[in-house]
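In my numbering, the protein residues as written are 10 to 286.
Below, the structure written as structure tokens:
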């Protein structure tokens, strides 16, 4: 190699190599510190764009799942209330059948009627309080059910249908003013309760089916989010074992580069030594 006092080519090359090694070390250290191999569009514009789109889908699906979880809770509250009402109707039918006994004295019939009306009041309390987050599926306030988002694009919905269990309706045909005051009234009420009980149980089956579908869809959304998160990780996450090994190799390379630069910087001294002889 030609030796010159004006230009130290060897030192320049050694410095360039050392700078490159230092840059690689900084990048590797950053990956270890952040756990990411792609932190911004500067690292890889196309991969970063894809990862960001997937992150946006995950955020949107998280909102969808929150809505579905709320829907499931609304359904669970309505189911619990409906099941309690069904149990009370069973008790009320027992009272009504007992009150059909023509041998009952006035006091006994009045006692049955009082118990019956107390059960009516309990049903009304349950209906009024079967609410979660402002939604009550069984008090008649919601006529067509509640729609919840089903996908990240907000183009599809799932519906949780309402079941009106208020007195005197198409499901609960029993009137709020029902009485067991006479044998005839007791017989009419017993038949009405039997119809109401069948209707309520069918309404509970429908509500249970809707709630189960919501829970199944929520589970699907959760699995989809997991898949997307894994996909983002595959795109942008750093392999820490690989990066750690790479960092150790670069540290050795840097040390060798420093030594090479030191040797190259000493080359002009050789020229000076030629003239000192």
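Cβ atoms here follow ideal geometry from the backbone N, Cα and C, with glycine treated the same way.
{"Asked": "Which residues DSSP lists as bridging residue 144, in chain order", "Found": "141"}
{"Asked": "Proximity to residue 127 [Cα-Cα], best of 81, 52, 64 and 186", "Found": "186"}
{"Asked": "Distance between beta carbons of residue 168 and residue 154, contact taken as under 8 Å", "Found": "5 Å"}
{"Asked": "Cutoff 6 Å; reference residue 201; Cβ partners in own chain excluding five residues on either side", "Found": "182 and 183"}
{"Asked": "Contact belief for residue 77 with residue 223 at Cβ below 8 Å, rounded distance in angstroms", "Found": "6 Å"}
{"Asked": "Range covered by the alpha helix (DSSP H) that runs through residue 229", "Found": "192 to 245"}
{"Asked": "Pairwise C-alpha distance: residue 80 and residue 237", "Found": "24 Å"}
{"Asked": "Counterpart residues of residue 167 in DSSP-defined beta bridges", "Found": "157"}
{"Asked": "Residue 45, DSSP secondary structure in three states", "Found": "strand"}
{"Asked": "Inter-residue Cα distance where the pair is residue 68 and residue 189", "Found": "58 Å"}
{"Asked": "Through-space distance from residue 118 to residue 191, alpha-carbon basis", "Found": "8 Å"}
{"Asked": "Cβ separation of residue 205 and residue 98, assumed to be a contact under 8 Å, to the nearest whole Å", "Found": "6 Å"}
{"Asked": "Through-space distance from residue 230 to residue 24, alpha-carbon basis", "Found": "54 Å"}
{"Asked": "Nearest-angstrom Cα separation, counted from residue 139 out to residue 175", "Found": "12 Å"}
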